[in-house]
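Written out below as structure tokens is the structure these notes cover.
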Amino acid sequence: MVNIHDVTVVILYHQIMAKMGRPILAGILLCLAPALFAQSSSEIERRVSELEEKMRLLDPAFGKGISPQDLISRLDQLEKKLNGILAAREPEAMPAPAAVAPQVGPALVPVSVSGDYQASPAGETRLPVSGYMDFHANKESGESFRPDFHRFVLLFGHSFSDRIKFWSELEIEHALVEGGEETGEVAVEQAYLDFFVKPYFNVRAGMLLTPMGIVNERHEPPSFNGVERPFVETLIIPTTWRELGFGITGDLGRGFRYRTYLTSSLDARRFSGEGGISTGKTSGFDASFRNPAKVGRLEYAGVRRLTLGSSFYSGHAGYRTPGINPGVSIAEFDGRYSFRRFDFRGLIAHTWVTRAGELNRRVQQQTGVNPNIGSQMRGYYLEPAFHMLRRPARYDLIAFARYEKYNTQQTMPPGYVPLPQFDRFSWVTGLTFKPNADIAIKFDYNFNRNRSSIVQAPNGVNLGIGWWF
Amino acid sequence: MVVLMRFLKALFVFGLAFGQDAGRRPDRVVNILAERFTYNPSRITVKQGELVEFVLISDDTDHGFKIPAAGIDIAIPQQGMGEVRVRFVAKEKGRFGFECSRACGAGHHLMRGELVVQ
């Protein structure tokens, strides 16, 4: 990444040095000299002023303290500044003319860069790695606050070339990992290679985020409201759901793009009545590729601030339940839209599990516990939000309310009865304050309910701070 | 003479850098909204020879904007911190990719687009 100085100097360097070279430059200067004598001093002064204005685009502080009457000093300063810029760039540019020259080809000729690209907060330091952190304090009714450094995630990437790139995400959850203890986890959330072939056809392979829903692939804390991720995108669609696999991605034009992968399958032995299929994600550990799952997502982002997406998943999950190989299918549709100071997002997902009755019996044989897995699961949520401060603004304060309905036992296999406490709905309402677009300070209150008259869902209050860097 | 030579050198270098095109009104202005993990629009068509100006603005974090064919690689400031204007002349026909060059999240590599010069 380079800023204005770099861009401009690259332009200067390549046009002067790569195309003409210093001897030619000197020659041109001599040739043009007579013409300059013809110019009046006022004309020269005007042109010098213009040059100073342009130089101030590069360095707003340029020219301070110089007397406007002193033309020689002004030219001295201009020359000194230019020499400084060129000298600073030459050591980088000289060793690799062959590598750089093709990039600045004749096809697209840069002219200028202007605007606010230097307006990032002064003093910010950009690290060579990126990441996000998520600190929560959760409290259920009747209990005390439980602080939790939920996520500490670092992202690393590398470009082998313009066409082959690596990207990864390494996560530590709950701050502490100890062998054999019920504490945190260290996990590779994603680690893959991209082979960029054509805009509409690229190949990806490695540990992949399953392209389903809004949050699974877009889970940086400032990018969603609420301290915790939506229940629907936790129980009906697992997050963070990643599997080993490979596939193709591309941009089809007119705002459409897709991702479709073959991935390792879910583990049906870990499905449950309460968590549905979400507890069956392998996260790349002890995974199976005997029956690879097919997953695809089509997105439309052809209208500004509108994104619509639909995903479909199909696979068999019985590699650890011999003799029973239940099929899992998920269909999902989601959308996000912003209009003036309003944001809207919503999602609906439905899951089918075939042979759920046989699966329940087989898991009960293996573990001694009936998991009571449903044959269908369904969930949806709607979330309007309002930016309380006028936009664009340096700070952002968002009030939101999210209604979620989710049932991990929407339909049960014959002979099994759904438990009403798993037919749940929640109102999550709160505030997100962003002192910076990359920092989100969050508060929300959860009104949780279910259909059971015996097992009550506790309400909860959550505080959190998350940041991206 | 010294003054003139120095002036000439500065004028020449700036002329190369900014050229006549810097003060020219662009033939086409394209507003591009960057957000995790898309450019909108992501496919842009211009005509050969046009002076094109991209006005880039972010809806969330700061993103990068890199067109290798033009040697341009800049940072787009985060939401609320302004915009960037990039001007270039589309000298030759062809298809030229652009991409986010500043890590912006889990789907950073999805953030790509294409400039088509007809």
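The listed protein sequences correspond, in order, to chains A and B. Quick note: the first sequence uses our numbering, first residue 34, plus one each step. Quick note: the second sequence uses our numbering, first residue 12, plus one each step. Don't be surprised by glycine CBs; every beta carbon is placed ideally from N, CA and C. Remember, it's a predicted structure, so these values are computed and weren't measured experimentally.
Cβ-Cβ distance between A/His420 and A/Arg374 below 9 Å: Within the first sequence, residue 420 of chain A is the residue found at index 387, counting from 1. Within the first sequence, residue 374 of chain A is the residue found at index 341, counting from 1. In this structure, the beta-carbon distance from A/His420 to A/Arg374 falls below 9 Å.
Burial state of A/Glu218 (16 or more Cβ within 10 Å): Working through the first sequence from its first residue, we reach residue 218 of chain A at position 185. Exposed is the label assigned to A/Glu218, since fewer than 16 other Cβ atoms lie within 10 Å of its Cβ.
9 Å Cβ cutoff, B/Val95 in contact with chain A: Residue 95 of chain B sits at position 84 when you count from the first residue of the second sequence. Chain A, which has a Cβ nearer than 9 Å to the Cβ of B/Val95, makes this yes.
Backbone secondary structure at A/Phe81 - three-state DSSP: Here residue 81 of chain A is taken as the residue at index 48 of the first sequence, counted from 1. Inspection of the sequence shows that residue 81 of chain A is occupied by Val rather than by Phe. A/Val81: helix per DSSP, three-state reduction.
Assigned secondary structure, B/Ala80 (DSSP; H/G/I helix, E/B strand, else coil): If you number the second sequence from 1, residue 80 of chain B lands on position 69. In this structure, B/Ala80 counts as helix in the three-state DSSP scheme.
Euclidean distance between Cα positions of A/Ala152 and A/Ser371: Counting from 1 along the first sequence, the entry for residue 152 of chain A is found at position 119. Counting from 1 along the first sequence, the entry for residue 371 of chain A is found at position 338. Low local confidence applies: a pLDDT of 45 at A/Ala152 is under 50, so the model's placement there is unreliable, with the coordinate-based value given in what follows. Each residue's Cα considered, the two are about 25 Å apart.
C-alpha gap between B/Ile83 and A/Thr282, whole angstroms: What you label residue 83 of chain B is simply residue 72 of the second sequence in a count that begins at 1. What you label residue 282 of chain A is simply residue 249 of the first sequence in a count that begins at 1. Roughly 25 Å separates the two Cα atoms.
Alpha carbon of B/Glu199 to alpha carbon of B/Asn51, nearest angstrom: Nothing in the structure corresponds to residue 199 of chain B, since chain B is present only between 12 and 129.
6 Å CB neighbourhood of A/Gly317 in its chain, flanking five on each side removed: The residue labelled residue 317 of chain A in the question sits at position 284 within the first sequence. Result list for A/Gly317: Met240, Leu277, in chain order.
Per-residue contacts from A/Arg427 into chain B (C-beta, under 7 Å): On the first sequence, residue 427 of chain A is found 394 positions in, with the first residue counted as 1. Near A/Arg427 (Cβ distances below 7 Å), the residues of chain B are Gly91.
Cβ shell of A/Lys198 (< 6 Å), same chain only, five flanking positions each side left out: Taking the first sequence and counting its residues from 1, the one referred to as residue 198 of chain A is at position 165. Shown here for A/Lys198: same chain residues with a beta carbon closer than 6 Å to its own, the five before and five after excluded, namely Ser192, Asp227 in chain order.
Own chain, CB closer than 6 Å to A/Trp274, minus 5 neighbours either side, in chain order: Position 241 of the first sequence, counted from the first residue, corresponds to residue 274 of chain A. Same-chain partners within the cutoff: Thr243, Asn249, Lys314.
Sub-9 Å separation of A/Gln454 and A/Gly407 beta-carbons: Reading the first sequence from its first residue, position 421 is the one you call residue 454 of chain A. Reading the first sequence from its first residue, position 374 is the one you call residue 407 of chain A. It is not a contact, given that the beta carbons lie outside the stated cut-off.
Contact check, A/Ser297 vs A/Ala320, beta carbons under 9 Å: As a working mapping, residue 297 of chain A is identified with position 264 in the first sequence. As a working mapping, residue 320 of chain A is identified with position 287 in the first sequence. Yes; because the gap between Cβ atoms is below 9 Å, this pair is in contact.
CA-to-CA distance, B/Gly124 to B/Lys130, given in whole angstroms: Residue 130 of chain B cannot be examined here, being either before or after the span of chain B that is shown, 12 to 129.
Contact with chain B by A/Ser344, beta-carbon distance below 9 Å: Stepping through the first sequence from its first residue, residue 344 of chain A is reached at position 311. It does not; no Cβ of chain B falls within 9 Å.
Cutoff 6 Å; reference A/Pro417; Cβ partners in own chain excluding five residues on either side: Counting from 1 along the first sequence, the entry for residue 417 of chain A is found at position 384. Counting only Cβ-Cβ distances below 6 Å, and skipping sequence neighbours, we find Phe377.
Segment limits, beta strand (DSSP E) that includes B/Ala45: In the second sequence, residue 45 of chain B corresponds to position 34, counting from 1. Unbroken beta strand (DSSP E) run through B/Ala45: 39-46.
Residue-chain proximity (A/Leu188, chain B), Cβ-Cβ < 9 Å: As a first step, residue 188 of chain A must be located in the first sequence, where it is residue number 155. Yes, A/Leu188 counts as interfacial toward chain B.
Own chain residues within Cβ distance below 6 Å of A/Asn358, not counting five before or after: In the first sequence, residue 358 of chain A corresponds to position 325, counting from 1. Hits under 6 Å: His349, Gly351.
Within chain A, partners of B/Tyr102 - CB distance below 8 Å: As a working note, residue 102 of chain B is residue 91 in the second sequence. Note on identity: in this sequence residue 102 of chain B is Lys, with Tyr being the wrong assignment. Neighbours of B/Lys102 on chain A, chain order: Pro139, Ala140, Leu141, Val142.
Residue ranges of each beta strand (DSSP E) within the region 397-467 of chain A, 3 or longer: Counting only runs of 3 or more residues that sit fully inside the region 397-467 of chain A, the beta strand (DSSP E) segments are 409-420, 429-444, in chain order.
Residue(s) in a DSSP beta bridge with A/Ser177: Translated into positions along the first sequence, residue 177 of chain A becomes position 144. Bridge partners of A/Ser177: none, in fact.
Proximity below 9 Å, CB of A/Gly342 to CB of A/Phe366: Taking the first sequence and counting its residues from 1, the one referred to as residue 342 of chain A is at position 309. Taking the first sequence and counting its residues from 1, the one referred to as residue 366 of chain A is at position 333. In contact: A/Gly342 and A/Phe366 (Cβ atoms closer than 9 Å).
Whole-angstrom C-beta distance between A/Asn479 and A/Gly497, which should lie under 8 Å: In the first sequence, counting from the first residue as 1, residue 497 of chain A sits at position 464. In the first sequence, counting from the first residue as 1, residue 479 of chain A sits at position 446. No, A/Gly497 and A/Asn479 are not in contact; Cβ-Cβ is about 13 Å, not under 8 Å.
Where the beta strand (DSSP E) through A/Leu209 begins and ends: One-based indexing of the first sequence puts residue 209 of chain A at position 176. No beta strand (DSSP E) holds A/Leu209; DSSP gives it neither H nor E.
9 Å Cβ cutoff, A/Asn258 in contact with chain B: For the purposes of this step, residue 258 of chain A is taken as the residue at position 225 of the first sequence. By the rule that beta-carbons nearer than 9 Å mark a contact, A/Asn258 does not touch chain B.
Proximity of A/Pro425 and B/Gln90 at Cβ, strictly below 9 Å: Taking the first residue of the first sequence as position 1, residue 425 of chain A is located at position 392. Taking the first residue of the second sequence as position 1, residue 90 of chain B is located at position 79. Yes, the Cβ-Cβ distance between A/Pro425 and B/Gln90 is below 9 Å.
Backbone CA spacing between A/Arg107 and A/Val81 [nearest angstrom]: Indexing the first sequence from 1 puts residue 107 of chain A at position 74. Indexing the first sequence from 1 puts residue 81 of chain A at position 48. Their backbone Cα atoms lie some 8 Å apart in a straight line.
Residue(s) in a DSSP beta bridge with A/Tyr294: In the first sequence, counting from the first residue as 1, residue 294 of chain A sits at position 261. Beta-bridge pairing links A/Tyr294 to A/Gly280, A/Val328.
Amino acids of chain A, ordered along the chain, whose beta-carbon sits closer than 9 Å to that of B/Ala45: What you label residue 45 of chain B is simply residue 34 of the second sequence in a count that begins at 1. By Cβ distance, chain A contributes nothing, its closest Cβ being about 11 Å from B/Ala45, past 9 Å.
Opposing strand residues paired with A/Tyr225 [DSSP bridges]: Taking the first residue of the first sequence as position 1, residue 225 of chain A is located at position 192. A/Tyr225 is bridged to A/Trp200, A/Gly239.
Contact between the region 93-106 of chain B and the region 64-72 of chain B (3+ Cβ pairs under 8 Å): yes
Exposed unless 16 or more other CB atoms sit within 10 angstroms - verdict on A/Phe257: Reading the first sequence from its first residue, position 224 is the one you call residue 257 of chain A. So A/Phe257 ends up on the buried side.
Three-state class that DSSP yields for A/Gly148 in the structure shown: For the purposes of this step, residue 148 of chain A is identified with residue 115 of the first sequence, where counting begins at 1. A/Gly148 falls in the strand class under three-state DSSP.
N- and C-terminal bounds of the beta strand (DSSP E) containing A/Asn479: The residue given as residue 479 of chain A occupies position 446 in the first sequence. First-last of the beta strand (DSSP E) with A/Asn479: 472-483.
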